[in-house]
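J.: If you read the sequences in order, they're chains A and B. If you want my numbering, it's the position in the first sequence, counting the first as 1, plus 12. If you want my numbering, it's the position in the second sequence, counting the first as 1, plus 12. Idealized CB from N, CA, C, for every residue including glycine. Being a predicted model, the structure only gives us computed values, none of them experimental.
There are 2 protein chains.
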Amino acid sequence: MKTPKISEAVVRRLPVYLRFLNELKANEVLTVSSQDLGQKLDLNPAQIRKDLAHFGEFGRKGIGYDVSYLIEKIRAILKLDRVMNVALVGAGNLGRALSNYNAYLKDNMKIVAIFDNVPSKVGETVNNLQVQPMSELASTVKNREIRIGIITVPAAEAQNVADSFAAAGIEAILNFAPVILKVPSHIRIHHADFTTDLLSLAYYIEEEEEHE
Amino acid sequence: MKTPKISEAVVRRLPVYLRFLNELKANEVLTVSSQDLGQKLDLNPAQIRKDLAHFGEFGRKGIGYDVSYLIEKIRAILKLDRVMNVALVGAGNLGRALSNYNAYLKDNMKIVAIFDNVPSKVGETVNNLQVQPMSELASTVKNREIRIGIITVPAAEAQNVADSFAAAGIEAILNFAPVILKVPSHIRIHHADFTTDLLSLAYYIEEEEEHE
DNA sequence: TAGATTGTTAATCGATTAACAATC
DNA sequence: TAGATTGTTAATCGATTAACAATC
């Protein structure tokens, strides 16, 4: 309906705005300008105004943005104003780290099931959830109305998990395994690949002898 | 010397190429075309050729790229052909997950020290390393010639850690805490913020009633 | 009113893609 | 030679930034 065609870059900045706005609210700041936001987030103020203007007129000329109001708006845009159940596959270190991250809770993203196909891990308790075998994935996804899946298994198994998610009717996937996964085009997939971030970091380190 | 000015987007794709090339090599594939690469990695072949051409002529017309040769070249570009010591601060779940990730080892990125300022964690062993108190950061960074720092502490403490890294002479930082950190301009910082990825995911999920 | 700041249009900048001569 | 594929130039596309009228 009101989806003109928003670029991915814009959508990815919204959570960043949201996070900082929440911080402002916690500090009882009532109003914020694109200037302020830009300074704190290292972004151009015009860009911030433009990003927000894609979705409506949220600010007031001469004044700025009402913090609480803007939070509400961004949450609605990102569909964080409703509960969104999440399944996680891979109860290793990273999986545990994520499930303990209760930060999502206040944004209504909730990990409600954890799966692993390593027998020794099945039945273990992670963050109050019993690790389930992969054989229960499809039924659990359906019963618990899970719409988002997180993959934290080793690279070699990631495609299989993605396939299982797809078969179970998952609508969006966040993949932490260092592989590019193929999924049906109706499924949204984001690659959260920090090995890429880390490996690209060294490029920017100065040589001993050289100056750039 | 041979630094014309490469865009960040290009540098971030290099580790992706590298990873897949390593996979090809493991499967004893000798040669690969930009066509093949593009298909596997969901990228435009012209883009891949252009990315690589920034750094030299690595391919052969009519044939493609020699897998082993290209691996060597990319590793050299990313400075992964030498050992790069890494310090990690924050021995929580995520910190542990990262230090167990031995994937870096073959790329010569090595976590050689782990720090935390929570007393109960100091002295614990994580992946064969004893967790050290923050008070030892500066001296350890110097003695062990650590050049890269990873931050896996809660958001509220991340800026402090970044400041300590800066004071200790760290040259690049990978930050997992969900905050934008301010560091001196000579320090390279990457934000590996998966909460952003996760929160932006819901945006793309279809409404029940709507079609896009 | 004077100062501040939005929403938006226009200008700029940069990145991606297409196309093709060169050549293996 | 014919087919394949690079390296690179030119064309396109899209995103960022500047500028400013509108207005609180």
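If contacts are defined as beta-carbon pairs under 8 Å, then B:Leu82 and B:Thr164 qualify, I think. What distance do you get, rounded to the angstrom?
T.: Contact between B:Leu82 and B:Thr164 is ruled out by a C-beta separation of about 33 Å, above the 8 Å threshold.
J.: Quick one: is A:Asp209 near chain B, going by C-beta distance under 8 Å?
T.: yes
J.: In the structure shown, what three-state DSSP assignment does A:Gly71 receive?
T.: strand
J.: Between A:Val28 and chain B, is any beta-carbon pair separated by less than 8 Å?
T.: Any Cβ of chain B closer than 8 Å to the Cβ of A:Val28 would place that residue at the interface, and such an atom is present.
J.: Hey, out of A:Val191, A:Tyr29 and A:Ser80, whose CA is closest to A:Phe206's CA?
T.: A:Val191
J.: Chain A beta carbons: is any one of them nearer than 8 Å to that of B:Ile83?
T.: Chain A, which has no Cβ nearer than 8 Å to the Cβ of B:Ile83, makes this no.
J.: Taking 8 Å as the threshold (C-beta atoms), are B:Met96 and B:Arg24 in contact?
T.: no
J.: If I follow the unbroken alpha helix (DSSP H) through A:Asn34, where does it start and stop?
T.: Glu20 to Ala38
J.: Measuring only the C-alpha atoms, how far is A:Val41 from A:Val79?
T.: 7 Å
J.: Using a C-beta to C-beta distance shorter than 8 Å, which residues of chain A count as neighbours of B:Met121?
T.: Leu210, Leu211 and Ala214
J.: Secondary structure at A:Lys85, three-state DSSP: helix, strand or coil?
T.: Three-state DSSP puts A:Lys85 in a helix.
J.: Look up B:Arg200 in the DSSP assignment and give the residues it is bridged to.
T.: B:Ala184
J.: In chain order, what residues of the same chain have a beta carbon less than 6 Å from the beta carbon of B:Leu92, not counting five sequence neighbours either side?
T.: Asp119 and Asn120
J.: Taking a cut of 8 Å between CB atoms, which residues from the stretch 39-60 of chain B lie near chain A?
T.: Lys52, Leu53 and Asp54
J.: Helix or strand or just coil, what does DSSP make of A:Lys194?
T.: coil
J.: Verify the CB distance criterion: does A:Leu64 have a CB-CB separation below 8 Å to chain B?
T.: At a cut-off of 8 Å, the C-beta of A:Leu64 has no neighbouring C-beta in chain B.
J.: Once DSSP output is grouped into helix, strand and coil, what is the label at A:Gly107?
T.: helix
J.: Which residues in chain A have a C-beta closer than 8 Å to the C-beta of B:Arg11? List them in chain order.
T.: In the structure as shown, chain B starts at 13 and stops at 224, and residue 11 of chain B therefore has no counterpart that could be examined.
J.: At least one CB of chain A closer than 8 Å to the CB of B:Ala180: is that the case?
T.: no
J.: Report all residues from its chain with a CB closer than 7 Å to the CB of A:Pro166; omit the five preceding and five following residues, and keep chain order.
T.: Ala189
J.: Measuring only the C-alpha atoms, how far is B:Val101 from A:Gln47?
T.: Computed Cα separation, rounded: 32 Å.
J.: I'd like the span of the beta strand (DSSP E) that includes B:Lys122, first residue to last.
T.: DSSP places B:Lys122 in the uninterrupted beta strand (DSSP E) bounded by Met121 to Phe127.
J.: What would DSSP say about A:Glu224, mapped onto helix, strand or coil?
T.: Here A:Glu224 scores only 39 on pLDDT, less than 50, and its place in the model should not be relied on; the value that follows carries that caveat. Note: A:Glu224 maps to coil in three-state DSSP.
J.: What are the start and end residues of each continuous beta strand (DSSP E) run of 3 or more residues lying completely inside the stretch 133-170 of chain A, in chain order?
T.: 141-144 and 158-163
J.: 8 Å is my cut-off, CB to CB: does A:Leu36 come that close to chain B?
T.: no
J.: When you compare each of B:Val138, B:Pro131 and B:Asp63 to A:Asn105 by their alpha carbons, which one comes out closest?
T.: B:Val138
J.: If we ignore side chains and look at the alpha-carbon of each, how far apart do B:Phe32 and B:Ile199 end up?
T.: A straight-line Cα-Cα distance of about 29 Å links B:Phe32 and B:Ile199.
J.: Nearest-angstrom Cα distance between A:Val28 and B:Ala21?
T.: 20 Å
J.: So, B:Pro145 versus B:Val153, is the Cβ gap smaller than 8 Å?
T.: no
J.: Determine the contact status of A:Lys182 and B:Glu183, defining contact as a CB-CB distance below 8 Å.
T.: The question names Lys, but residue 182 of chain A is Ile in the sequence shown. No; because the gap between Cβ atoms is not below 8 Å, this pair is not in contact.
J.: At 9 Å on the CB atoms, spell out the chain B contacts of A:Val138, in chain order.
T.: Chain B residues near A:Val138: none, gap ~10 Å exceeds 9 Å.
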